[in-house]
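If you read the sequence shown in our numbering, its first letter stands for residue -17, the second for the next number, and so on.
Notes to accompany the following structure.
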Amino acid sequence: MRKRVLIIHGWESNSREHWFLEEKERLEKLGYEVVVPDMPNTLHPQKEEWVQVIKNFHPDKESILIGYSLGGPTILRYLEEITEKVGKCILIASPIKKLGSGYEGIENFLETDFDWEVIKKSCQKFIVFNQTEDPVVPLQHGKDLAKYLNAELKIVEDNDHFDKIDFELLEKYIK
């Protein structure tokens, strides 16, 4: 069975920004089926609309979900709702609590606590990426997320909110 990857971008973004399409091309050359959708209503994202995009992908135990920034909590909210398992989730610079002034547009994803026990049962493996000096999502979010999920935490020395990424490093965790 061919492994499928879904990459969810962040707030006020789209599939053509950052590293998403380049990673899609790289993974397709390795034999993966990769989907990088433009998320709906990206300026004023609604949790239910974004979670529906993941539902429409129909992840299974062979699927890999990659969430960048707001894509991370979107995946977590999806995992709270399902009963079947997803293969792997890679959460990159993902906030898990409110970020403060200037980020009110994403609070509907973060206003209630996550059900960590349900989430852990919905995925076989979690990997968390965070930067040491991320200007948007503090490193503590990544540390807490890794702790709550019993996930592997990969800390990257940088401060650009993963606007670019080390493809070989990411692919090491995808394979």
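From the three backbone atoms N, C-alpha and C, an ideal C-beta is built for every residue, glycine too.
If you're wondering where the values come from, they're calculated on a predicted model, not measured in any experiment.
{"query": "Helix, strand or coil: which one does DSSP assign to I112?", "result": "The amino acid occupying residue 112 in the given sequence is Asn; Ile does not appear at that position. In this structure, N112 counts as strand in the three-state DSSP scheme."}
{"query": "The alpha helix (DSSP H) with Y60 in it runs from where to where?", "result": "53 to 63"}
{"query": "Whose C-alpha, out of N23, L12, S(-5), Q122, is nearest the C-alpha of K157?", "result": "L12"}
{"query": "Does chain D have any CB closer than 8 Å to the CB of D116?", "result": "Going by chain labels, chain D is absent from the structure shown, which holds only one protein chain."}
{"query": "Name the DSSP beta bridge partners of E134, please?", "result": "I109"}
{"query": "Within 7 Å: the Cβ of P27 and any heavy atom of the ligand FAD?", "result": "The ligand FAD is not part of this structure, which contains no ligands at all."}
{"query": "Work out the CA separation of F96 and K80 for me, nearest whole Å.", "result": "12 Å"}
{"query": "Just tell me which of M21, V(-13), W32, R(-16) has its CA closest to the CA of S(-5).", "result": "M21"}
{"query": "Can you check whether the CB of I88 is closer than 8 Å to the CB of N112?", "result": "no"}
{"query": "Please state if the CB of F149 and the CB of E5 are separated by a distance shorter than 8 Å.", "result": "yes"}
{"query": "Please classify S83 as buried or exposed, where buried requires at least 16 other C-beta atoms within 10 Å of its C-beta.", "result": "exposed"}
{"query": "Taking the Cβ atom as the reference point for each residue, do Q34 and K70 lie within a distance shorter than 8 Å?", "result": "no"}
{"query": "Can you grab the Cα-Cα spacing for the pair V110 / L151, in whole Å?", "result": "12 Å"}
{"query": "Starting from R(-14), trace the alpha helix (DSSP H) both ways and give me its first and last residue.", "result": "R(-14) -> not in any alpha helix (DSSP H); beta strand (DSSP E) instead, spanning -14 to -10."}
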